[in-house]
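Peer 1: Numbering (our numbering), first residue to last: 982 to 1405. Built from N, CA and C at the ideal position, the CB exists for glycine as well. The structure displayed is predicted, hence computed values, not measured ones.
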Amino acid sequence: MESAKLFDRAKKVIPGGVNSPVRAFNYVGGTPVYMVSGTGSKVTTADGATLTDYCGSWGPLILGHSRPEVVEAIRAAALEGTSFGACTPREVTMAELICELVPSIEMVRLVNSGTEAVMTALRLARGYTGRSKILKFDGCYHGHTDSMLVSAGSGLLTGGISSSAGVSAGTSAETFVVPYNDLNAVAALFKSHGKDIAAIIVEPVVGNMGLVVPADGYLKGLRDIATKNGALLIFDEVITGFRLASTTYGNIIGVTPDLTCLGKIIGGGMPIGAVGGKGDIMRQLAPLGKVYQAGTLSGNPVAVAAGLVMLNILKKENPYAGMTEKCNRLADGLQAAAKTAGVSLCCSRFGGMFTPFFCTGPVNNLAEAKHADTKAHAAFFHGMLKAGVYLPPAQFEAAFVSAAHSDADIDDFIKSAQAALISQ
Ligand SMILES: Cc1ncc(COP(=O)(O)O)c(C=O)c1O
982 MESAKLFDRA KKVIPGGVNS PVRAFNYVGG TPVYMVSGTG SKVTTADGAT
1032 LTDYCGSWGP LILGHSRPEV VEAIRAAALE GTSFGACTPR EVTMAELICE
1082 LVPSIEMVRL VNSGTEAVMT ALRLARGYTG RSKILKFDGC YHGHTDSMLV
1132 SAGSGLLTGG ISSSAGVSAG TSAETFVVPY NDLNAVAALF KSHGKDIAAI
1182 IVEPVVGNMG LVVPADGYLK GLRDIATKNG ALLIFDEVIT GFRLASTTYG
1232 NIIGVTPDLT CLGKIIGGGM PIGAVGGKGD IMRQLAPLGK VYQAGTLSGN
1282 PVAVAAGLVM LNILKKENPY AGMTEKCNRL ADGLQAAAKT AGVSLCCSRF
1332 GGMFTPFFCT GPVNNLAEAK HADTKAHAAF FHGMLKAGVY LPPAQFEAAF
1382 VSAAHSDADI DDFIKSAQAA LISQ
């Protein structure tokens, strides 16, 4: 197998053989599959297999792989120059488009990743409020900036790492953590420490403990508590931005955060991130204000070209209802297949996102997510892979239906799931 050979070579020169931990298949066992190309909903592997992809590069590929207009934009931009380290016209258009599509964003700064967007948002919140503490939620993942590697989700969760080595005790102590979907816990914390808290940061719909949906009124409750206590509210929409409509989830539900972090979709599959929000906060950033942030490749013209085309296609084609309908059919089919097979399964779904939790559910927070049987998940993952379906290789992650998935893809998924679950 070519993938196994590549992984053996990789392990000698790349820590763990991977450039991001969850890719290592440690949580499902076996050898990572090496991807060589992708078109629409399909990827081909170094072993010559064709798989239907529900990982979608962990979210950016909402239009599927190699959407021609996006590829053409990348090609054309690269021919003009891959980087200038100077101002370029398209970054202005991109910022204008984000501000148009997300009214709570009056100004936006482009960065290179979701992690950088969060890092910048936290520094801005501290600079603006003059306070030092941040409140995050158990199992939410906000990238790998030091202060967010406390009770983090995604790869840290599946690996059982509650925090990371290399993060100083002083940095960890700046982060408070309470359970998601529990407003009382937030109110209690603000009662004791409210004057020190610069910001609440939250994934408004959580992707990183598996898919967990906010309870009715939860996000509005966070907004009210933050406002009452002079803290900022940061929505980390690196996954949810432009995933559920051509805007942010905050805008969809009418809850206005002070700052929003974006990434993934806005780069059309190229590396990008963005932080945006109220003008008086954003104007604290250098060179206007005293909060420093910079980047050699920030606003990279190739990434911006890809993202601009992606956002304009999403705005024009509005594929969201179709993705939701397909995702609901997939989730219903999976749930029914589990029932027939006698397997405990709760398939969370929201828009085009889903997570099959191998437990009875419902899953409203990290404690409930942890009821999932990760061994059953691993068996399911491999059963599906054998049948030609690629899912995120870990239980506590969201999977994605893209605009490129067809009805036939969904039918295949359900048939494959029936077979995989029966043989578990
Ligand atoms: C909600 C959320 N925030 C931040 C990040 C970090 O983004 P990046 O991996 O681009 O640094 C991620 C990554 O998956 C994420 O899901």
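#1: From LEU1292 to ALA1267, what does the alpha carbon distance come to, in whole angstroms?
#2: From ALA1212 to ALA1168, what does the alpha carbon distance come to, in whole angstroms?
#3: Please write down, chain order preserved, every residue whose beta carbon lies under 5 Å from a heavy atom of ligand 1.
#4: Nearest-angstrom Cα distance between CYS1308 and ARG1048?
#5: Restricting to Cα atoms, I'd like to know which of GLY1260, VAL1272, GLU1378 and ASN1346 is closest to MET1088.
#6: Would you mind stating whether THR1014 and THR1026 have Cβ atoms separated by less than 7 Å?
#7: At what residue ranges does the stretch 1201-1252 contain a whole run of the beta strand (DSSP E), taking only runs of 3 or more?
#8: Measuring CA to CA, which of GLY1021, LEU1116 and ALA1005 is closest to SER1387?
#9: Please classify SER1279 as buried or exposed, where buried requires at least 16 neighbouring CB atoms within 10 angstroms.
#10: Determine the contact status of MET1190 and ALA1350, defining contact as a CB-CB distance below 7 Å.
#11: Does the Cβ of ILE995 have 16 or more other Cβ atoms within 10 Å, making it buried, or fewer, making it exposed?
#12: Sort out for me which residues DSSP pairs HIS1358 with in a bridge.
#13: Return the CA-CA distance between ALA1318 and SER1325, expressed in angstroms with no decimal places.
#14: Helix, strand or coil: which one does DSSP assign to TYR1035?
#15: For PHE1377, which three-state DSSP category applies?
#16: Is it buried or exposed, SER1143, if we count other Cβ atoms within 10 angstroms and call 16 or more buried?
#17: Please report the residue range of the alpha helix (DSSP H) in which MET1190 lies.
#18: Taking the alpha carbon of ILE1220 as the point to measure from, which residue in ILE1043, ALA1076, ALA1384 and SER1018 has its own alpha carbon closest?
#19: Suppose the cutoff is 6 Å on Cβ atoms and the five residues either side in sequence are ignored; what does the same chain contact list for LEU1164 look like?
#20: Look up HIS1363 in the DSSP assignment and say whether it is helix, strand or coil.
#21: Should PHE1065 go down as buried or exposed, given a rule of 16 or more other Cβ atoms within 10 Å for buried?
#22: Quick check on the burial criterion: 16 or more other C-beta atoms within 10 angstroms. Buried or exposed for ASP989?
#23: Between which two residues does the beta strand (DSSP E) holding VAL1272 run?
#24: Please list the terminal residues of the continuous alpha helix (DSSP H) segment that includes ILE1055.
#25: Tell me the DSSP secondary structure of LEU1105 in three-state form.
#26: According to the neighbour-count rule (16 or more other Cβ atoms, all chains shown, within 10 Å of its Cβ), is LYS993 buried or exposed?
#27: Kindly list the residues whose CB is nearer than 7 Å to the CB of THR1290, restricted to its own chain and excluding five residues on each side of it in sequence; keep chain order.
#28: What does the alpha-carbon distance come out to for the pair PHE1179 and PHE1394?
#29: According to the neighbour-count rule (16 or more other Cβ atoms, all chains shown, within 10 Å of its Cβ), is SER1329 buried or exposed?
#30: Exposed or buried, what is ARG1224 when buried is set at 16 or more other beta-carbons lying within 10 Å of its beta-carbon?
#31: Taking C-beta to C-beta, are GLY1254 and ALA1098 nearer than 7 Å?
#32: Just the Cα atoms here: how many angstroms apart are LEU1032 and TYR1273?
#33: Under 7 Å, do VAL1183 and PHE1118 count as touching if we go by C-beta distance?
#34: Since PRO1300 contacts GLY1062 with CB under 8 Å, what's their CB separation in whole angstroms?
Peer 2: In short, the structure shows the following:
#1: Position 311 of the sequence shown, counted from the first residue, corresponds to residue 1292. Position 286 of the sequence shown, counted from the first residue, corresponds to residue 1267. Cα-Cα distance, rounded: 27 Å.
#2: Residue numbering aside, residue 1212 sits at position 231 when the sequence shown is read from its first letter. Residue numbering aside, residue 1168 sits at position 187 when the sequence shown is read from its first letter. Approximately 13 Å between the Cα atoms of the pair.
#3: SER1094, GLY1095, THR1096, HIS1123, GLY1124, GLU1184, ASP1217, VAL1219, ILE1220 and GLY1244
#4: Sequence index remark: in the sequence shown, residue 1308 carries index 327 (1-based). Sequence index remark: in the sequence shown, residue 1048 carries index 67 (1-based). Distance between the alpha carbons of CYS1308 and ARG1048 is about 20 Å.
#5: The sequence position of residue 1088 within the sequence shown is 107, counting from 1. The shortest Cα separation from MET1088 among GLY1260, VAL1272, GLU1378 and ASN1346 belongs to GLY1260.
#6: Looking up residue 1014 in the sequence shown gives position 33. Looking up residue 1026 in the sequence shown gives position 45. Note that residue 1014 corresponds to Val in the displayed sequence, not to Thr. Yes; because the gap between Cβ atoms is below 7 Å, this pair is in contact.
#7: 1213-1217 and 1240-1244
#8: Reading the sequence shown from its first residue, position 406 is the one you call residue 1387. Of GLY1021, LEU1116 and ALA1005, the residue nearest in Cα terms is GLY1021.
#9: Locating residue 1279 in the sequence shown gives position 298, where the first residue counts as 1. Label assigned to SER1279: buried.
#10: Position 209 of the sequence shown holds residue 1190. Position 369 of the sequence shown holds residue 1350. Yes; because the gap between Cβ atoms is below 7 Å, this pair is in contact.
#11: Here residue 995 is taken as the residue at index 14 of the sequence shown, counted from 1. Note on ILE995: under 16 other CB atoms within 10 angstroms of its CB, so exposed under the neighbour-count rule.
#12: Position 377 of the sequence shown holds residue 1358. Beta-bridge pairing links HIS1358 to no other residue.
#13: The residue labelled residue 1318 in the question sits at position 337 within the sequence shown. The residue labelled residue 1325 in the question sits at position 344 within the sequence shown. Answer to the nearest angstrom: the Cα atoms are 11 Å apart.
#14: Here residue 1035 corresponds to residue number 54 of the sequence shown, with the count starting at 1. In the structure shown, TYR1035 sits in coil (DSSP, three-state: anything other than H, G, I, E or B).
#15: Along the sequence shown, one-based indexing puts residue 1377 at 396. Coil, per DSSP.
#16: Counting from one through the sequence shown, the residue named residue 1143 turns up at place 162. Confidence at SER1143 is low in this model, with a pLDDT of 48, below 50, so its placement is unreliable and the value that follows should be read with caution. It counts as exposed.
#17: Indexing the sequence shown from 1 puts residue 1190 at position 209. No residue range can be given for MET1190, since it is assigned to no alpha helix (DSSP H) and is classified by DSSP as neither H nor E.
#18: Taking the first residue of the sequence shown as position 1, residue 1220 is located at position 239. The option with the nearest alpha carbon to ILE1220 is ILE1043.
#19: By 1-based counting over the sequence shown, the position of residue 1164 is 183. Counting only Cβ-Cβ distances below 6 Å, and skipping sequence neighbours, we find GLY1202.
#20: Within the sequence shown, numbered from 1, the residue matching residue 1363 stands at position 382. Under the three-state reduction of DSSP output, HIS1363 falls in the helix class.
#21: Within the sequence shown, residue 1065 is the residue found at index 84, counting from 1. When all chains shown are included, PHE1065 counts as exposed.
#22: For the purposes of this step, residue 989 is taken as residue 8 along the sequence shown, with counting starting at 1. When all chains shown are included, ASP989 counts as exposed.
#23: Residue 1272 sits at position 291 when you count from the first residue of the sequence shown. It is not in any beta strand (DSSP E) - VAL1272 carries neither H nor E in the DSSP assignment.
#24: The sequence position of residue 1055 within the sequence shown is 74, counting from 1. It spans 1049-1061 - the alpha helix (DSSP H) in which ILE1055 sits, taken as one unbroken run.
#25: Stepping through the sequence shown from its first residue, residue 1105 is reached at position 124. Of the three classes helix, strand and coil, the one that applies to LEU1105 here is helix, per DSSP.
#26: Taking the first residue of the sequence shown as position 1, residue 993 is located at position 12. Classification of LYS993: exposed, given that the 10 Å Cβ count is below 16.
#27: For this step, residue 1290 is matched to residue 309 along the sequence shown. One detail in the question is off: residue 1290 reads as Val in this sequence, not Thr. If we look at VAL1290 and ignore the five residues flanking it on each side, its Cβ neighbours are GLU1050, VAL1051, ALA1054 and GLY1249.
#28: Taking the sequence shown and counting its residues from 1, one reaches residue 1179 at position 198. Taking the sequence shown and counting its residues from 1, one reaches residue 1394 at position 413. The sequence given here places Ala at residue 1179; Phe does not occur at that position. Each residue's alpha carbon lies about 45 Å from the other.
#29: Start at 1 with the first residue of the sequence shown, and residue 1329 comes out as number 348. With 16 or more other Cβ atoms within 10 Å, it is buried.
#30: Here the question's residue 1224 lines up with position 243 in the sequence shown. Label assigned to ARG1224: buried.
#31: Counting from one through the sequence shown, the residue named residue 1254 turns up at place 273. Counting from one through the sequence shown, the residue named residue 1098 turns up at place 117. Yes.
#32: Locating residue 1032 in the sequence shown gives position 51, where the first residue counts as 1. Locating residue 1273 in the sequence shown gives position 292, where the first residue counts as 1. Computed Cα separation, rounded: 44 Å.
#33: Counting from 1 along the sequence shown, the entry for residue 1183 is found at position 202. Counting from 1 along the sequence shown, the entry for residue 1118 is found at position 137. In contact: VAL1183 and PHE1118 (Cβ atoms closer than 7 Å).
#34: As a first step, residue 1300 must be located in the sequence shown, where it is residue number 319. As a first step, residue 1062 must be located in the sequence shown, where it is residue number 81. Not really, about 32 Å apart at Cβ, beyond 8 Å.
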